[in-house]
Each structure stands twice: as structure tokens, then as C-alpha cells.
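Residue numbers (the numbering used here): -7 to 36.
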């Protein structure tokens, strides 16, 4: 998203672009790649 990237850069954020063409046609995205597979329970 060019608009978001420019706003972040203007705010001083170092934005690193990543090309992921294989994900565009699939069911996943960057969040799916970085989500933990196993999480600790939120409550006992």
C-alpha cells in the first residue's frame, strides 16, 4: 500500500518492502507467515 508506506516513512519509520508474489493468489499473507503456530493459553 503506497499511501500507508509513504505515511510511515514520513513519520520516520524505516519501511522494508518484501516481494511475495506467490501469496497474492493464495489464502495467506504476511500475518500468516509470522503467526505463531502454537500459543500459550490466554487463561488457565
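Beta carbons are placed, not taken as given, at the ideal position from N, Cα and C, and that holds for glycine.
Remember, predicted model here, so these are calculated numbers, not experimental data.
- [ ] Note down the Cα distance separating residue 0 from residue 30, rounded to an integer number of angstroms.
- [x] 31 Å
Open item on the list: The alpha helix (DSSP H) that contains residue 2, what's its start and end?
Closed with: -6 to 2
Open item on the list: Less than 8 Å between the beta carbons of residue -3 and residue 10, yes or no?
Closed with: no
Task: Simplified DSSP assignment, three categories, for residue 33 - done: coil
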